[in-house]
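What follows is one structure encoded as structure tokens, with my remarks underneath.
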Amino acid sequence: MRKKDRNNDSYIFWREKMKSKFFKVIIIAIVVAGMCGCAAKRGFDRGAIGSNLRETAPSISDQDIKEAYELKPQINFPFKLALYFNGSGWNWKWTGEDKEYLLSIEKQLANENIVSKLILVTPSDVENPGRECGYGCNVNLKSIRLAAARYGADAVLVINGISDTDRYNNILGVTYVLLVPMTFIPGTELDALFMTNCKMWDVRNQYLYFSAEAEGEANQTRATMFIEEKHAVEKAKKDALAKLRDEIVARLKNISAKQ
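Numbering (my numbering), first residue to last: -8 to 250.
Have a look at this one:
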């Protein structure tokens, strides 16, 4: 009887131990399933994102409006155009490649007698540049104009940018309750949005020649462990910049044709 009792006790101990492990697995599965269920596609609020990209409006008086009407364009074609890239985010920044990409329009514009030279103005050239875009987008335009003037530019093009991402699980994401598939099943998707705009100002009197905007998107579908947010945002940024480049060329041609 004693041996039988010992065997029975061992069985009860083993059963309770397995039950405990089983409940732990169930709890983990429920938690992961809950995470998967919460990771639904939300989309992008372009209005809210765009509002962060624009300048915060200062207090405006009737006198300000009157002075704006009195401003006249000062440039003569071909003119010298400065470029200033404003802003950065935790998952993106303006790269040397981005800047060279926009500067590459110089040859085309010079051949059409629109610009004589493109000049890059960097943040280090600007005294008190102001708060960068993405968090209020308030630039010190007078300081940027002063820096452009020191390079002999007639106008300055200020380029801004902002990004957003949306991460969610697709139908394959339900397999993540098994944990291991999170390393190889492409059940997670990441949508990246990059919005950019620009304004061209007269260096001498701050006359606004034109503004343009563009946006780019990119998508990643991978196992959740291998999603690369910065890579997706970079791809969306390149898409947006390509569209903005075309807009800039078109606007400059339009202004030149009216002269």
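Every residue gets a Cβ at the ideal spot worked out from N, C-alpha and C, and that includes glycine.
- Apart from the 5 residues on each side of it in sequence, residue 88 has no Cβ closer than 7 Å to any other Cβ in its chain.
- Of the residues assessed, residue 118 falls on the exposed side of the cut-off, its CB having fewer than 16 other CB atoms within 10 angstroms.
- Uninterrupted beta strand (DSSP E) stretches at least 3 residues long and entirely within the stretch 66 to 105 occur at 70 to 76, given in chain order.
- Taking a cut-off of 8 Å on C-beta distances, the stretch 149 to 159 touches the stretch 75 to 90, as three or more cross pairs fall below it.
- Boundaries around residue 245 are those of the alpha helix (DSSP H), 220 to 249, since no beta strand (DSSP E) includes it.
- Note on geometry: alpha-carbon atoms of residue 205 and residue 189 lie some 9 Å from one another.
- The beta-carbon separation of residue 135 and residue 247, rounded to 23 Å, does not stay under the 8 Å limit for a contact.
- Between the alpha carbons of residue 99 and residue 242 lies a gap of roughly 14 Å.
- Following the DSSP letters along the chain, one finds residue 141 inside the alpha helix (DSSP H) bounded by residues 132 to 141.
- DSSP places residue 198 outside both helix and strand once states are collapsed to three, so it counts as coil.
- For residue 145, the number of other beta carbons within 10 angstroms of its own is at least 16, and it is reported as buried.
- Distance between residue 244 and residue 65, taken at the CA atoms: about 17 Å.
- The beta carbons of residue 208 and residue 183 sit about 7 Å from each other, so the pair counts as a contact at 8 Å.
- The criterion of a C-beta distance shorter than 8 Å is satisfied by residue 75 and residue 147.
- For residue 237, the number of other beta carbons within 10 angstroms of its own is below 16, and it is reported as exposed.
- Here residue 94 is exposed, its C-beta having fewer than 16 other C-beta atoms within 10 Å.
- Residue pairing for residue 60: DSSP places it in no beta bridge.
- Straight across, the Cα-Cα distance linking residue 195 with residue 186 is about 29 Å.
- Its chain contains 152, 185, 186, 187, 205, 206, 207 as the residues whose beta carbon lies nearer than 8 Å to that of residue 231, once the 5 sequence neighbours on both sides are disregarded; these appear in chain order.
- Residue 200 and residue 62 have their C-alpha atoms spaced approximately 11 Å apart.
- For residue 145, there is no enclosing beta strand (DSSP E), as DSSP marks it with neither H nor E.
- One alpha carbon belongs to residue 140, the other to residue 83, and they sit about 29 Å apart.
- Rounded to the nearest whole angstrom, the C-alpha separation of residue 203 and residue 73 is 16 Å.
- Under the three-state reduction of DSSP output, residue 52 falls in the coil class, being neither helix nor strand.
- Straight-line measurement puts the Cα of residue 157 at about 21 Å from the Cα of residue 78.
- In the DSSP assignment, residue 180 falls within the beta strand (DSSP E) that extends over 179 to 193.
- Within the DSSP secondary-structure output, residue 113 pairs in no beta bridge.
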